[in-house]
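Peer 1: Chains A and B supply the protein sequences, listed in that same order.
Residue numbering for the first sequence follows this note's numbering, starting at 568 and increasing by one per position.
Residue numbering for the second sequence follows this note's numbering, starting at 568 and increasing by one per position.
Protein chains: 2
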Amino acid sequence: MTTPTREQCLALDRTDPLGSRRAAFRLPEGLIYLDGNSLGALTVGAERSVAQAVGVQWGVDLIRSWNVHGWIDYPATLGERVGRLIGAAPGETLVCDSTSVDLFKLAAAASLARGDRTKIVTEAGNFPTDLYILQGLSKLSPQIEVLAVPRERIHEVIDSDTFLVVLTHVHYRTAQMYDLAEMSTRAHAMGARILWDLSHSVGAVPVDLRATEADFAIGCTYKYLNGGPGSPGFLYVRRELQEGLMPVLSGWLGDARPFEFLDDYVPAPGVDRHRCGTPPVLAFAALDGALQAFDGVDMAEVRRKSVQLSELFIELVEALPGAKALSLASPRDPARRGSHVSFAHADGYPLMQRLIARGVVGDFRAPDLLRFGFTPLYLRFVDVWDAVRILGEELAAVPEAPSQGVVRSKVT
Amino acid sequence: MTTPTREQCLALDRTDPLGSRRAAFRLPEGLIYLDGNSLGALTVGAERSVAQAVGVQWGVDLIRSWNVHGWIDYPATLGERVGRLIGAAPGETLVCDSTSVDLFKLAAAASLARGDRTKIVTEAGNFPTDLYILQGLSKLSPQIEVLAVPRERIHEVIDSDTFLVVLTHVHYRTAQMYDLAEMSTRAHAMGARILWDLSHSVGAVPVDLRATEADFAIGCTYKYLNGGPGSPGFLYVRRELQEGLMPVLSGWLGDARPFEFLDDYVPAPGVDRHRCGTPPVLAFAALDGALQAFDGVDMAEVRRKSVQLSELFIELVEALPGAKALSLASPRDPARRGSHVSFAHADGYPLMQRLIARGVVGDFRAPDLLRFGFTPLYLRFVDVWDAVRILGEELAAVPEAPSQGVVRSKVT
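Here is the structure:
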């Protein structure tokens, strides 16, 4: 079977309904960026928004900007815009703090309502911060047990002693994807709440939190949402649960009357109570501008192209003469896969370094994974074709004996 | 007694050893900004640093910037620079998260080591987030009692059941200042730890955490440090206590081996363990640039000018014909006062609005406080003189009967 040619890829780009979105991004000339699942690219919107926030809002309007430029409302207004991408109703989503802190907030708040239940169920090999944050909570509340088991055992360990199930929708290594509705059903059948980490989903995979009866969610805005390095996390609380959920990280901006400066905390109505300290405005301004790239975008269209790009990549890679050195570490079925694709390679670290040196930027996850992210708003089919050609050349140049891969720092 | 003339103030500015620092700031023409204790002004350094972080680091170097531009090290490198201003030794200070989250981190970690002690002592009328965060911790750990008492009772309520004393060095309303060493001595005599909130001190008042035997500290970088709206907080842990302090908010970047992606949290050595999620780089970049304004500055010189500006302000205000409508709400003794001055006025809210309309920006704290901040790096003596002249004109124009002050939102 013949694989698509470069010309066929160029033709796909010409008719791509999302093709025009690429103009919203500032992409370095000659770089094929397959790491938007780690740090999304800069947009024209973010660049303008930050310059405006610094030069005019901070520089000229100073303290008045908290009101006149809506700084104080950023967690809620950006929350609504992120909420639209994950099937939240208005008033269910807040952009604030980091993903890690947001997980702590919701898990700690949920633990206040746990009654006699003692168990949090999560997946072994989940993204480390999810595990570590839950472990931290159980240090403070030693009655709470954090049970991390392999994916295939999650179902069986959710029991009547479980008050919370914490899962990552799309796995950061393999892109393996849970069925949101199925897991909600299982958790609810046992009387537990479910909390989804959407860090590797939002902006790439359609998520409908309300339709799938999620209770809580958190996620990251610096990957597919292109909010900028370390841009704030978000949190979601299903409306029906909001009034019963009392914050533990109860900061002044989550109080019902923050500007009356009173001594006793009274939670703000709804999701706003999960605000905590003063928000980092410049980071919010970047996200504000970045989200313009999603204005009017249909997430189903994003998903369709994500699958096309990923399928093309897998097909081309597996047709390479050197393909036998690689093994697909992501689900082959696109319905069970997020928007990145990982291949294991015995000598993955230096191979990825050589790809990066040639302008194909993916990343490496120890011990042996090459990870490639597909961002439908700015990636072209021809980029995938060119990346695989270069990968093929580097595979052909790899020494036969695998060397010891060196683990290097890189932020997921 | 005659008060200083405008010409005398201009003469003071000409010989002011900090006078040249003003050139580092982008101040709007014609504005007298007396609210740098709430949101510090934009610096040329911050503007450049953010533009570079966005356009080059994010836009061009993308994911590689975590290493090549030191993003991953920002919490530590900026921590050292802030630490220098508060008498910390190297490796004791970290810039991260918000002040509120940082307080939770340290108070929660301290609570893990509390033994049989159950009490946290703090001040009634402390900045609300300090009270609210401690109240949140006691929701999760109901054995912990948060006792908030008036300042004059703090001494007596610190007892052998107290594990932590949480105080704000300079009060946000009155600028009343604690004696750091005296309070450390009292807390330590009773076997308690002491945690200082330095939000209204850092960059304005010399603080020597090591000499005064502080255990923990937190603070804010968007006031006198000019880090930008909502710029990250900082935390300090005395070196001798670091290994015994286990994080509760244990995020992946506080792990000893974050890039090995393991399932069980192992705290990083030293203060680094209190890192949590991915840092908001653009906010850090702003602070990075802003701190250049403090390069080579002697905090004793800053304090000297702060006292001079504040004393000049009080003297001029109290000599105004309309001064009887105002009463000083800050300590008269500069040795017991931080770098802002508050006057109570029965009709304070509309009066402050009129001052702002005339280009004199202070702020208002319910029910009746006019608050004026003195930032030695960019404020001139003549600014104080001009501000008081305008205040005098507006006082003369105030209607006799006090109206109902309206509480409006403003971020401290």
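Note that beta-carbon positions come from the ideal geometry of N, C-alpha and C, so glycine has one too.
Pull the bridge partners of serine 909/B from the DSSP assignment, please.
Peer 2: Answer is Arg938/B.
Peer 1: Tell me whether valine 737/A is buried or exposed, calling it buried when 16 or more other Cβ atoms sit within 10 Å of its Cβ.
Peer 2: Buried, by the Cβ-count rule.
Peer 1: Can you find a CB in chain A that lies within less than 8 Å of the CB of leucine 849/B?
Peer 2: Closer than 8 Å to some Cβ of chain A, the Cβ of leucine 849/B qualifies, so yes.
Peer 1: Rank Ala860/A, Leu601/A, Gly703/A by C-alpha distance to the C-alpha of isoleucine 923/A and give the top, closest one.
Peer 2: Comparing Cα-Cα distances from isoleucine 923/A to each of Ala860/A, Leu601/A, Gly703/A, the minimum goes to Leu601/A.
Peer 1: Give a yes or no on whether 8 Å exceeds the smallest Cβ distance from alanine 560/A to chain B.
Peer 2: No information on residue 560/A is available, as it lies outside the stretch 568 to 979 that chain A covers here.
Peer 1: Here's the rule: buried if 16 or more other CB atoms are within 10 angstroms of the residue's CB, otherwise exposed. What is glycine 794/A?
Peer 2: The residue in question, glycine 794/A, is buried, as its Cβ has 16 or more Cβ neighbours within 10 Å.
Peer 1: I need the DSSP call for tyrosine 600/B, collapsed to helix, strand or coil.
Peer 2: Here tyrosine 600/B sits in strand by DSSP.
Peer 1: Quick check on this structure: which residue in Gly797/B, Glu878/B, Arg681/B has the alpha carbon closest to the alpha carbon of leucine 558/B?
Peer 2: Nothing about residue 558/B can be reported from this structure: the residues present for chain B run from 568 to 979 only.
Peer 1: Given a cut-off of 8 Å on the beta-carbon distance, is the pair threonine 569/B and alanine 591/B in contact?
Peer 2: No, Cβ-Cβ distance for threonine 569/B and alanine 591/B is not below 8 Å.
Peer 1: Here's the rule I'm using: 16 or more other beta-carbon atoms within 10 Å means buried, otherwise exposed. How should valine 623/A be labelled?
Peer 2: Valine 623/A is exposed by the Cβ-count criterion.
Peer 1: For the structure I just gave you, are there three or more beta carbon pairs, one from the segment 585-599 of chain B and one from the segment 811-820 of chain B, closer than 8 Å?
Peer 2: No: fewer than three Cβ pairs fall under 8 Å.
Peer 1: For the pair the segment 817-834 of chain A and the segment 691-698 of chain B, tell me if three or more CB-CB distances fall below 8 Å.
Peer 2: Yes, since at least three Cβ pairs between the segment 817-834 of chain A and the segment 691-698 of chain B fall closer than 8 Å, the two stretches touch.
Peer 1: Would you tell me roughly how many angstroms separate the C-alpha atoms of arginine 956/B and alanine 860/B, rounded to the nearest one?
Peer 2: Cα-Cα distance, rounded: 29 Å.
Peer 1: Using 8 Å for Cβ pairs, my map puts proline 799/B next to aspartate 664/B. What's the rounded Cβ distance?
Peer 2: Contact flag correct, Cβ pair sits at about 6 Å.
Peer 1: Assuming leucine 673/B and phenylalanine 783/B form a contact by the criterion Cβ under 8 Å, report the distance between their Cβ atoms to the nearest whole angstrom.
Peer 2: At roughly 5 Å, the Cβ-Cβ gap stays under 8 Å, so leucine 673/B and phenylalanine 783/B are in contact.
Peer 1: Compare the beta carbon distance of alanine 756/A and threonine 729/A with 8 Å and say whether it is the shorter of the two.
Peer 2: Not a contact, by the Cβ cut-off of 8 Å.
Peer 1: Which residues mark the beginning and the end of the alpha helix (DSSP H) in which valine 547/A is found?
Peer 2: Chain A is shown only over 568 to 979; residue 547/A falls outside these bounds and no answer can be derived.
Peer 1: So, do the segment 759-774 of chain A and the segment 822-833 of chain A have three or more beta carbon pairs nearer to each other than 8 Å?
Peer 2: Not touching, per the Cβ criterion.
Peer 1: Which of the three DSSP states, helix, strand or coil, is assigned to phenylalanine 694/A?
Peer 2: Coil, per DSSP.
Peer 1: Less than 7 Å between C-beta atoms, sequence neighbours within five positions excluded: which residues of the same chain meet that for leucine 704/B?
Peer 2: So the list reads Phe671, Ala674, Ala675, Ser678, Ile711, once near-sequence residues are dropped.
Peer 1: Counting Cβ pairs, one atom from each stretch, are 3 or more of them under 8 Å apart for the segment 883-899 of chain B and the segment 642-657 of chain B?
Peer 2: With a cut-off of 8 Å, the segment 642-657 of chain B and the segment 883-899 of chain B do not count as touching, because too few Cβ pairs lie within range.
Peer 1: Do glutamine 743/A and proline 898/A have their CB atoms nearer than 8 Å?
Peer 2: Contact flag set, yes.
Peer 1: Excluding the 5 residues flanking arginine 648/B on each side, which residues of the same chain have their C-beta closer than 7 Å to its C-beta?
Peer 2: These residues qualify, in order along the chain: Leu858.
Peer 1: Check the Cβ-Cβ distances between glutamate 614/A and every residue of chain B, and say whether any is below 8 Å.
Peer 2: True, the Cβ-Cβ gap to chain B drops below 8 Å.
Peer 1: Give the secondary structure of proline 642/A by DSSP, where H, G and I count as helix, E and B as strand, and everything else as coil.
Peer 2: Helix, per DSSP.
Peer 1: Can you find a C-beta in chain A that's less than 8 Å from the C-beta of threonine 696/B?
Peer 2: So yes, threonine 696/B belongs to the interface.
Peer 1: In the DSSP output, which residue or residues are listed as bridge partners for glutamate 885/B?
Peer 2: None; glutamate 885/B has no bridge partner.
Peer 1: Would a check of beta-carbon distances place cysteine 843/B closer than 8 Å to chain A?
Peer 2: Yes, because at least one Cβ of chain A sits closer than 8 Å to the Cβ of cysteine 843/B.
Peer 1: Which parts of the segment 791-852 of chain B are runs of the alpha helix (DSSP H), unbroken and 4 residues or longer, counting only runs that do not cross its ends?
Peer 2: If we require 4 residues or more, the alpha helix (DSSP H) runs fully inside the segment 791-852 of chain B come out as 806-809.
Peer 1: The beta strand (DSSP E) spanning valine 662/A covers which residue range?
Peer 2: Its beta strand (DSSP E) spans residues 660-662.
Peer 1: For the beta strand (DSSP E) containing tryptophan 763/B, list its first residue and its last residue.
Peer 2: Looking at the DSSP string, the run of the beta strand (DSSP E) that includes tryptophan 763/B is 760-764.
Peer 1: Measuring alpha carbon to alpha carbon, tell me which residue in Thr685/B, Thr752/B, Ile700/B, Ser708/B is nearest serine 727/B.
Peer 2: It is Thr685/B.
Peer 1: Where does glycine 786/A land, buried or exposed, given buried means 16+ other C-beta within 10 angstroms?
Peer 2: With 16 or more other Cβ atoms within 10 Å, it is buried.
Peer 1: Per DSSP, which residues does glycine 863/B bridge with? Please list them.
Peer 2: BP columns for glycine 863/B are empty, so no partner.
Peer 1: Are three or more beta carbon pairs between the segment 739-754 of chain A and the segment 628-641 of chain A nearer than 8 Å?
Peer 2: Segments in contact, no.
Peer 1: For the candidate residues Val928/B, Pro901/B, Leu829/B, Ala608/B, whose alpha-carbon lies nearest to that of threonine 741/B?
Peer 2: Of Val928/B, Pro901/B, Leu829/B, Ala608/B, the residue nearest in Cα terms is Pro901/B.
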